[in-house]
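Report on the structure given below.
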Amino acid sequence: MIRHSVPAFLALLAALLGPGPVSAEGPAPDMATAEAAFRSGDYPGAIEALLPLAEGGDVLAQYRLAVLYAEEGPQQDGVAALKWLREAAGHGHAEAQFRLALALARGGEAEQREEALKWLTAAAESGFTDAQFSLAANYERGSGVPRDVARAVALYRAAAEGGHLMAASVLGSLYLQGRGTQPDPAETLKWLTSAAERGSASAASNLGYVYATGAGVPRDDAKAAEWYRQAAEAGLPRAQAALAGLLAAGRGGPRDEAQALDWFSRAAEGGDALARTELTRLLLEGEVEPSRVEQAVGWIAENAAAGDETALAWLEARAEAGDTAALGRLGSLYAEGKGVAADEARALELWREAADRGDAEAQLALGLRYATGGGVEQDYVQAYKWVNLAASRGADEAISARAAFANLMTPEQVADGQRQARDWISTYTAAAR
Amino acid sequence: MRRRPADRRGGASLATRLLAWPLLALPLLAGAAAAGPIDDARVAAQRGETGEALRLLRPLAEAGEAEAQAMLGAIHQAGSGVPQDFAAAVTWYREAARGGDAAAQNALAALHVRGLGVPRDDVEALRLFSLAAGQGDPRHQFDLAVMYDNGRGTAEDPALAAEWYAKAAAQGLPEAEASLGVLYQSGRGLARDPARAAELYRRAADRGDARAQNNLGLLYVRGEGVPRDLESAALWFHLAAEQGLATAIGNLAVMYENGFGVAQDDATAVDLYRAAGQGASAGALPLERMVPLYDLRLAPPQESPEALRAYRGDAARGDPVAQFVLGFLLGRPGRDRDLAAAAHWYAQSAERGMPMAMANLGLAYAQGAGVPQDYVLAYMWVNLATAGGLDPAAELREALAERMTVQQLNEAQSLSAARWTGEGGLAANVVGNSQRIAMP
């Protein structure tokens, strides 16, 4: 079964109704019949019309036949598809050559893969840009062929000049890095810009880099910010981090710490290690309001748990200053004996303070302790109150705990717990105003 | 403890430290020149543009990039945007695994265990799990341990299982802590040590691991590794049972049947035995399964971003119908779900007299969804809803009444009476039944 990497129906449509040899009077009668049949969903009819043409050597018909046979449905016939692909490919139909290469590439035997390479090369030489890109990628990595980055550059260029978006992006990078070619700022800009303007996030990010570092071009922070922003908005973590850096330093636009923090957070959440380190550093050095980057408190806590004493000291200081998130996390460290000697009493103290300040995780932990009598006197009413609050403030795990406790309590106890939760809410809301 | 001069106690917001930010831009940017097609593929995948992602990944995968191959495998396995195809997933995972990608190795191993896309082959699975586990991810280490624990792909080897569980547990994986606890409890592969088992179970149980909760309960029943404590046992069984663990439900049934740590109750015991047999979760009353109702007199809610914006605008301007619809939409499962906000908007709408909003707000209080669970407030709102003419709310009112004390009921009823008739009372505001309400 031939697997295609393109959306099947659209490809089929393109193949069947795309440009083909047209006489002055229009497509040959059988081809017109085939097209009509296809449009009405009559694949077998289309095949019937195409067969005589294909057998008569009409290359386009051969290709279209192959595509139809490969398509899912009652007419599907992998063997026939392969046969007609070979025919068309042998007659120089570039797209057929490419598809044949794809079909063979997944084969296990070495000969099949060699054949695949042959067809890929043929398609590339015919000017089929997808094939040129694919072949270039192989040469760049030395996959199935000896590594030859210079040749890759030539192939990427051919594809890029033919309009292939990714080839343009990669070509620009290669010119930037001077791989397979001499570095060439003009070419870098040309190709990266072309790809970025057509929506490639990676090209936009690289373009941002070029302008920000002035790599062979005059530094231009405004342009750097613009391009990084495009990539950042598309969701590229490294671009988000770079943009954040520019905003923080007031480069390419007015300084904007708030936005910078936002982008650092997003980048870190997206897995960018540098952003995470940077956020952590900013917090540890007191340069940023922790409530703006609550998640980063979690990272610092992780570092503390792993033995980082600076991180631990920071947490302790923040806890003492009343930072809710820090209180909660520190409590967990003491409860689990991570980074510090286990200390139930201190854990409870910290959790209690965090819970009073509305931290859902601390409320849950506290509630569980009250239920199990771990370090406090067992008290189901208190337990229920705290997990009830935790559940309403977003700690989903508290939901089943709440139900479990309720099952063990009398209705009077539950009523008591609910009233206490209500009272807590009014105190808390009043204090917050 | 050293304090920063501008700190103020009490949680009030601190001034942002507007120190000159170091020129971190340059070192940060240094890593930025390497973005490529795989980044674009990831972006496309995140946006759900699977076709585009596949198109970008394919040439890279063909050219041997392990990460691209692993991503392709995952897309085919998940069947997101393409028909699910385990065979294709296997093909790609194989290549990526050869290239050393741990996630691919692990995923491929799992497929071999289940016989999906490949014939079942525990030996090969074990080999692949080992490769992945060796690269350090605690979930992969756990998976390997399970194979040794159950004698899959090799003879049972509890000692080796213990070793790998311990590695994963050291990284904080709750299920590994639970499984390691099992080995300590049963003395398999390790010297029996109930106290250590209890400790491990406790850590995992605190983080919600149902198995650990159940097993901890058992230790409390038997007084092994912890002092005998039937009440604690019952508590832990309850917690595990709420999560649907059949064994725990069964254990709980035994507790109720015998009055161990709970008041003896044959009826509950019978229900629990039945539930354990069906694998259903215990104690699930109709109240928990109720869902918010939509006012059928209204046009169906529009879910597009534009419509949502419009509702928000109208809601902010005080339109009770828009507030109700907004509450309804925010309460629905999905990415935009925000139970607290839903309750807020229901409350706004309820205050302006919309009976359905009152009923849904009552449900929210009854279930503790987005607000703390509060039967008094729940009953009050539901009562007002039925007074406003909403019959379906009566069912909820009954369910609530069953769980409330007499004092709670009295309180709730007087609260609703006060709101109904008082100055500016709701009776005057209730949006009537007879009016046909249509959304603009």
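Residue numbers (my numbering), protein chains in the order written: chain A, 715 to 1147; chain B, 3 to 442. Built from N, CA and C at the ideal position, the CB exists for glycine as well.
So, using beta-carbon positions, are P294 of chain B and F330 of chain B closer together than 8 Å? Yes, Cβ-Cβ distance for P294 of chain B and F330 of chain B is below 8 Å.
State the Cα-Cα distance for the pair E1003 of chain A and A1076 of chain A, rounded to the nearest angstrom. Looking at the two C-alpha atoms, the distance is approximately 21 Å.
What's the C-alpha gap between L1080 of chain A and L1062 of chain A? Distance between L1080 of chain A and L1062 of chain A, taken at the CA atoms: about 7 Å.
Answer yes or no: do F131 of chain B and A111 of chain B have a C-beta to C-beta separation smaller than 8 Å? The beta carbons of F131 of chain B and A111 of chain B sit closer together than 8 Å.
By DSSP, does K169 of chain B sit in helix, in strand, or in coil? Helix at K169 of chain B.
Residues of the segment 915-927 of chain A whose Cβ lies closer than 9 Å to any Cβ of chain B, in chain order: Of all residues in the segment 915-927 of chain A, A915, S916, A917, A918, S919, N920, G922, Y923, V924, A926, T927 have a Cβ within less than 9 Å of some Cβ in chain B.
Nonlocal neighbours in the same chain, by C-beta distance under 7 Å from Q789 of chain A, ignoring five residues either side: Setting aside the 5 residues that flank it on each side, Q789 of chain A is surrounded in the same chain by Y757, P758, I761, L782, Y783, each with a C-beta closer than 7 Å to its C-beta; the list follows chain order.
Please list the partners that A414 of chain B has in chain A, where partner means a Cβ-to-Cβ separation under 8 Å. Per Cβ cutoff of 8 Å: no residues; A414 of chain B is ~11 Å from chain A at best.
Ignoring anything shorter than 3 residues or poking outside the segment 70-98 of chain B, list the beta strand (DSSP E) runs there in chain order. Fully enclosed beta strand (DSSP E) runs of 3 or longer: not present.
Output, in chain order, the set of chain A residues within a Cβ distance shorter than 9 Å of T156 of chain B. Under the 9 Å cutoff, chain A gives no residues; its nearest Cβ is about 27 Å from T156 of chain B.
Below 8 Å between beta carbons: does that hold for V867 of chain A and L885 of chain A? Going by C-beta atoms, V867 of chain A is nearer than 8 Å to L885 of chain A.
In three-state DSSP terms, what is A1074 of chain A? The three-state reading of DSSP puts A1074 of chain A in helix, counting H, G and I together.
Same chain, Cβ closer than 6 Å to A414 of chain B, five either side skipped, listed in chain order: Result list for A414 of chain B: V378, Y381, M382, in chain order.
Compare the C-beta of M406 of chain B with all C-beta atoms of chain A and state if any pair is closer than 8 Å. At a cut-off of 8 Å between beta-carbon atoms, M406 of chain B makes contact with chain A.
Specify whether the segment 223-233 of chain B and the segment 205-213 of chain B touch according to this definition: at least 3 beta carbon pairs, one from each stretch, less than 8 Å apart. Remark: fewer than three beta-carbon pairs, one from each stretch, lie closer than 8 Å, so the segment 223-233 of chain B and the segment 205-213 of chain B are not flagged as touching.
In the DSSP assignment, the alpha helix (DSSP H) including S1119 of chain A goes from what residue to what residue? Sequence check: residue 1119 of chain A is Phe here, not Ser. Judged by DSSP secondary structure, F1119 of chain A falls within the alpha helix (DSSP H) whose first and last residues are 1111-1122.
Reduced DSSP secondary structure (H/G/I, E/B, other) of K1052 of chain A: The three-state secondary structure of K1052 of chain A, taken from DSSP, is coil.
Can you tell which of A:G755, A:A1039, A:G966 has its C-alpha closest to the C-alpha of G922 of chain A? It is A:G966 whose Cα lies nearest to the Cα of G922 of chain A.
Can you tell me whether V408 of chain B is buried or exposed? The criterion is at least 16 other CB atoms within 10 Å of its CB, across all chains shown. By the Cβ-count criterion, V408 of chain B is exposed, with fewer than 16 other Cβ atoms from all chains shown falling within 10 Å of its own Cβ.
Secondary structure of G1088 of chain A, DSSP reduced to three states: Here DSSP, grouped into helix, strand and coil, assigns G1088 of chain A to coil.
Spatial distance of A440 of chain B from A368 of chain B (CA atoms): The predicted model places A440 of chain B with a pLDDT of 38, which falls under 50 and marks its position as unreliable; any figure quoted below should be read in that light. Cα to Cα, A440 of chain B sits roughly 29 Å from A368 of chain B.
If we ignore side chains and look at the alpha-carbon of each, how far apart do W1065 of chain A and A1031 of chain A end up? W1065 of chain A and A1031 of chain A: Cα-Cα distance of roughly 16 Å.
Would you call the segment 242-250 of chain B and the segment 1094-1103 of chain A touching, i.e. three or more CB-CB distances under 8 Å? In short, these stretches do not touch, since the Cβ pair count stays below three.
Between B:G315, B:A163, B:G174, which lies nearest to L185 of chain B when the distance is taken from Cα to Cα? Of the listed residues, the one whose Cα sits closest to L185 of chain B is B:A163.
is_contact[V45 of chain B, chain A] using C-beta, thresh 8 Å: Using a Cβ-Cβ cut-off of 8 Å, V45 of chain B counts as an interface residue toward chain A, since at least one Cβ of chain A sits closer than that to its own.
Under 7 Å by beta carbon: chain B residues contacting T1086 of chain A: By Cβ distance, chain B contributes S234, L237.
Going by DSSP in three states, T388 of chain B sits in which element: helix, strand or coil? The answer is helix: DSSP assigns T388 of chain B an H, G or I state.
On the criterion of 16 or more Cβ atoms from any shown chain inside 10 Å, does L202 of chain B qualify as buried, or is it exposed? A residue is called buried once 16 or more other Cβ atoms fall within 10 Å of its Cβ, and L202 of chain B is buried on that count.
On the three-state DSSP scale, how would you describe P335 of chain B? The answer is coil: DSSP assigns P335 of chain B none of H, G, I, E or B.
Please list the partners that A851 of chain A has in chain B, where partner means a Cβ-to-Cβ separation under 9 Å. Going along chain B in sequence order, the residues near A851 of chain A (Cβ under 9 Å) are P39, P61, L62, E64, A65, G66, E67.
Use the C-beta contact count for S737 of chain A: other C-beta atoms within 10 angstroms, 16 or more gives buried, fewer gives exposed. Any reading at S737 of chain A is ruled out, since the residue's pLDDT is 49, under 50, leaving its predicted position unreliable.
Please list the residues of the segment 372-402 of chain B that have a C-beta atom closer than 9 Å to any C-beta atom in chain A, keeping them in chain order. Of all residues in the segment 372-402 of chain B, G372, V373, P374, Q375, D376, Y377, V378, L379 have a Cβ within less than 9 Å of some Cβ in chain A.
DSSP three-state assignment for P29 of chain B, whether helix, strand or coil: Because the pLDDT at P29 of chain B is just 43, under 50, the model does not fix this residue reliably, and the value given afterwards should be weighed accordingly. Of the three classes helix, strand and coil, the one that applies to P29 of chain B here is helix, per DSSP.
Could you list which residues in chain A have their beta carbon closer than 8 Å to that of R205 of chain B, in chain order? Within 8 Å Cβ-Cβ: E1050.
Burial state of D151 of chain B (16 or more Cβ within 10 Å): By the neighbour-count criterion, in which a residue is buried when 16 or more other Cβ atoms sit within 10 angstroms of its Cβ, D151 of chain B is buried.
Whole angstroms are fine: how far does the CA of V793 of chain A sit from the CA of A746 of chain A? A direct Cα-Cα distance of roughly 26 Å separates A746 of chain A from V793 of chain A.
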